[in-house]
Structure formats: structure tokens, C-alpha cells
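Inspection log for the structure reproduced underneath, given as C-alpha cells.
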Amino acid sequence: MAIPITPTEDVEYVSPTEASERGYGSRASIHRWAQEGSIRSITVAGRLRVCAEDCEARMRENRVIQPRRAYNAVAQRLAKVAPAFTPEQKRQLVELLSN
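Residues in the sequence shown are numbered from 878 upward in steps of one, following our numbering.
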């Protein structure tokens, strides 16, 4: 349910519950983002409403995978389960995973 703010502002504001149901994050996270000011929010009749567009952007931002961290985690798991490598093999593995 959209709540218009002014006739010239085309922004959809939804309840934290609706934002959570849309998959933007937990209700607690959405409340925290509103309190921090990292998403636009308003209070209408004593009820918090948050900008759906801001919630979606915040969700996308949080789901960004950082490749270097992902590769490092994979390399560490491989090192734990892989058979012992020779120093040359270890160097080659590090080189391959670093590119």
C-alpha cells in the first residue's frame, strides 16, 4: 500500500512489515536503517513508513559478493581438505586463485 507524501513526490512508502515481506530485510533491520537515516522514512498516524526504493537499494547493497573474500574463503577450505601440496603446487594454486 503506497502512501503519497506530496502530489509532486512519486515515492512509495510501505510499512516495515510489508518491506520485510517483499524480502528487503528483517523488520528489525528495516527499523534500524530508518533510525540510522540510511533509508527515508516518515511517520503517518503514529506508524512508521519506509521508502520501498531505499529498502530495495539497501538490500542489493548488502547482497553484493566481494570476490576477494569469497576466493580467499574457498582457498582456505581447499587447503584444509586437499592433500599435501608441494611448495611449487602451493605457489601455482595461489597464483591461479589470485587472478
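Just so you know, even glycine gets a beta-carbon here, dropped at the ideal spot from N, CA and C.
- Test item: CB-CB of cysteine 928 and valine 888 under 7 Å: Translated into the one-based positions of the sequence shown, residue 928 becomes position 51. Translated into the one-based positions of the sequence shown, residue 888 becomes position 11. Against a cut-off of 7 Å, the Cβ pair of valine 888 and cysteine 928 comes out as a contact.
- Query: Taking C-beta to C-beta, are arginine 909 and isoleucine 919 nearer than 7 Å?
  - Reply: Here the question's residue 909 lines up with position 32 in the sequence shown. Here the question's residue 919 lines up with position 42 in the sequence shown. No, they are not a contact pair.
- Task: Assign alanine 922 to one of two classes, buried (16 or more other C-beta atoms within 10 Å of its C-beta) or exposed (fewer than that).
- Result: Locating residue 922 in the sequence shown gives position 45, counting from the first residue. Answer is exposed; the Cβ neighbour count stays below 16.
- Buried versus exposed call for arginine 935 [16 or more other C-beta atoms within 10 Å across all chains shown]: For the purposes of this step, residue 935 is identified with residue 58 of the sequence shown, where counting begins at 1. Buried: at least 16 other Cβ atoms inside 10 Å.
- Grouping DSSP H, G and I as helix and E and B as strand, with all else coil, what is tyrosine 901? Taking the first residue of the sequence shown as position 1, residue 901 is located at position 24. Reduced to three states, the DSSP call for tyrosine 901 is coil.
- Query: What separation, rounded to the nearest whole angstrom, lies between the Cα atoms of glutamate 930 and arginine 904?
  - Reply: As a position in the sequence shown, residue 930 is number 53, starting the count at 1. As a position in the sequence shown, residue 904 is number 27, starting the count at 1. Whole-angstrom Cα-Cα distance: 16 Å.
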